[in-house]
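Colleague: Residue numbers (our numbering), protein chains in the order written: chain B, 31 to 178; chain Y, 31 to 178.
2 protein chains.
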Amino acid sequence: MILSTKGRYGLKAAFELSRNYGLGPVSLKKISEKYGISESYLEQLFAKLKKDGYIDTVRGPQGGYLLAKKPEEITVGMVLRTLEGEITTSDCLNKEVCSRESICATRVIFEKIEKSINDVIDNITLADMYEEQKNILTEGKNEQETLS
Amino acid sequence: MILSTKGRYGLKAAFELSRNYGLGPVSLKKISEKYGISESYLEQLFAKLKKDGYIDTVRGPQGGYLLAKKPEEITVGMVLRTLEGEITTSDCLNKEVCSRESICATRVIFEKIEKSINDVIDNITLADMYEEQKNILTEGKNEQETLS
DNA sequence: TGCAATCCCTACTATTTCAGTAGGGTATAA
DNA sequence: TTATACCCTACTGAAATAGTAGGGATTGCA
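(1) Within 10 angstroms of the Cβ of residue 92 of chain Y, are there 16 or more other Cβ atoms? Answer buried if so, exposed if not.
(2) Closer than 8 Å, CB to CB, is residue 80 of chain B near chain Y or not?
(3) Would you kindly report the start and end of the unbroken alpha helix (DSSP H) that includes residue 40 of chain Y?
(4) From Y:97, Y:120, Y:150, Y:157, pick the residue whose C-alpha is nearest to that of residue 52 of chain Y; which is it?
(5) Could you spell out the range, first to last residue, of the beta strand (DSSP E) harbouring residue 53 of chain Y?
(6) Is the closest heavy atom of the ligand GTP to the C-beta of residue 40 of chain Y under 7 Å?
(7) Is residue 115 of chain Y helix, strand or coil by DSSP?
(8) With DSSP collapsed to three states, give me the class of residue 123 of chain B.
(9) Classify residue 77 of chain Y as buried or exposed, calling it buried when 16 or more other Cβ atoms lie within 10 Å of its own Cβ.
(10) Starting from residue 158 of chain Y and walking both ways along the alpha helix (DSSP H), at which residues does that stretch end?
(11) Suppose you measure from the CA of residue 46 of chain Y to the CA of residue 152 of chain Y; what does that come to, to the nearest Å?
(12) Strictly below 8 Å CB to CB, what residues from chain Y border residue 208 of chain B?
(13) Please list the terminal residues of the continuous alpha helix (DSSP H) segment that includes residue 86 of chain Y.
(14) Return the CA-CA distance between residue 163 of chain B and residue 99 of chain Y, expressed in angstroms with no decimal places.
(15) Roughly how many whole angstroms lie between the Cα atoms of residue 103 of chain B and residue 48 of chain B?
(16) Is it right to say residue 90 of chain Y is buried, meaning 16 or more other beta carbons lie within 10 angstroms of its own, or is it exposed?
(17) Among the candidates Y:80, Y:41, Y:54, whose CA atom is the shortest distance from the CA of residue 62 of chain Y?
(18) Considering residue 148 of chain B, what are the terminal residues of the alpha helix (DSSP H) in which it resides?
(19) Reducing DSSP to helix, strand and coil, say where residue 107 of chain B ends up.
(20) Any beta carbon from chain B within less than 8 Å of residue 61 of chain Y's own beta carbon?
(21) Would you decide whether residue 37 of chain B is buried or exposed? Buried here means 16 or more other CB atoms lie within 10 Å of its CB.
(22) Can you find a C-beta in chain B that's less than 8 Å from the C-beta of residue 33 of chain Y?
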C-alpha cells in the first residue's frame with residue numbers, strides 16, 4: 031500500500047469539498063459520517079490542507095470547510111503531497127556510493143517510478159475528477175444513484 | 031517514500047546477481063560490503079527471492095547466490111512484489127460504500143496511479159537495466175569508472 | 001578428516017509511523 | 001446565551017521498519 035489513509039481519506043474529503051464549491055461550507059460531521067471516517071482524524075488532515083492554503087474554514091453554526099481555490103486549480107498531487115509528504119522512491123543508500131549516480135541503474139528505475147506517479151497526480155485536478163465522475167455516470171445507464 | 035529498504039536494497043542486490051549471470055555464485059558478503067548493507071538483513075531478502083524462485087544458492091566455500099532465471103526473464107516488478115508485497119494504492123475504505131465503485135472518483139485516481147507504477151516495473155527486466163547502464167556509461171565519456 | 005566459508009533459520013529489538021482517541025478551547029449564528 | 005462548529009495538543013495501541021543476534025547445516029579444499 032503506497033498511500034496511507036491520510037492521502038486516501040484526504041483526497042476523498044477534498045473531492046467532497048470540490049463538489050460543493052460555491053455552495054457554502056461543508057461540516058466535518060457530514061463528511062465523516064458519509065464516508066465513515068473518524069471526525070477527529072479528518073480534522074487533523076483538514077488542518078494540514080488549510081495550512082497549505084487549499085481550504086478555508088467558517089466557524090460557528092452552519093460553518094464548515096470549503097475550498098480556498100477553484101477545483102481546477104487544485105491537483106491531486108497538491109493534496110497528496112500535503113498529506114503524505116513528497117512522493118519519493120529512494121533516498122540514496124550511501125552518499126559516497128551514490129556520487130556515482132550517473133551509472134546507478136537502480137536509481138534510474140526509481141526515478142522512472144517517481145516520474146510516472148507524479149505525471150498522474152500533477153495532471154489531474156479536482157475539477158477533472160468531477161468531470162470524470164459525471165462521464166462515468168452518464169455511461170452507466172442502469173446506475174440508479176445520483177452523484178452522492 | 032513509497033519503497034522501503036526491502037525493495038531498494040533487494041533490487042540493487044538482484045541487479046548485482048544479474049551482472050554476474052553465468053559467472054558463478056556471488057557471496058552475500060561481497061554484495062553487502064559493496065553497498066554497505068547489513069549482511070543478515072540482505073540474507074532475509076534473498077531468502078524471499080529464493081522462495082519465489084528468482085534465485086538459487088550454492089553452499090560452502092566459493093558458494094553464494096545466483097539468478098535462477100535469465101536476466102531478461104526477471105522484471106523489476108517481480109523483485110519488488112516479492113519484497114514489498116503487491117503495489118496497491120487503496121483497499122476500499124468501506125465495502126458498502128465501495129459497492130458504488132463505478133461512481134467513485136477517487137478510486138479511479140488510485141487505479142491510475144497503480145497502473146502507471148505497474149506499467150513501469152513490469153516492463154523493465156534486469157537485462158534492460160544492464161543495457162541502460164552500459165548506454166549511460168558510453169554517453170558519459172569523462173566518466174572514468176568501469177561498470178562496478 | 002577437519003576447518004573455514006558459506007548459506008539457513010528463528011527469534012529478538014529499538015524506532016518510527018499509522019490510525020486514530022481524548023479532551024479541552026474559541027468563534028459565531030440564531 | 002447556547003448550541004454548533006472549527007481549533008489545538010497530547011496521548012495511545014498496533015503494526016511495520018530496519019535491522020541484530022546467535023545458533024545450525026553444507027561443502028570445497030588443504
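From the three backbone atoms N, C-alpha and C, an ideal C-beta is built for every residue, glycine too.
Modeller: Let me spell this out:
(1) exposed
(2) no
(3) 35–49
(4) Y:97
(5) Counting along the chain, residue 53 of chain Y falls outside any beta strand (DSSP E), and DSSP gives it neither H nor E.
(6) The ligand GTP is not part of this structure, which contains no ligands at all.
(7) coil
(8) Legend: pLDDT at residue 123 of chain B = 47, less than 50; position of this residue unreliable, value from coordinates given subsequently. Residue 123 of chain B falls in the coil class under three-state DSSP.
(9) exposed
(10) 156–169
(11) 19 Å
(12) No answer is possible for residue 208 of chain B: it lies beyond the span of chain B, which begins at 31 and ends at 178.
(13) Counting along the chain, residue 86 of chain Y falls outside any alpha helix (DSSP H), though it belongs to the beta strand (DSSP E) covering 85–88.
(14) 44 Å
(15) 11 Å
(16) exposed
(17) Y:41
(18) 135–151
(19) helix
(20) no
(21) buried
(22) yes
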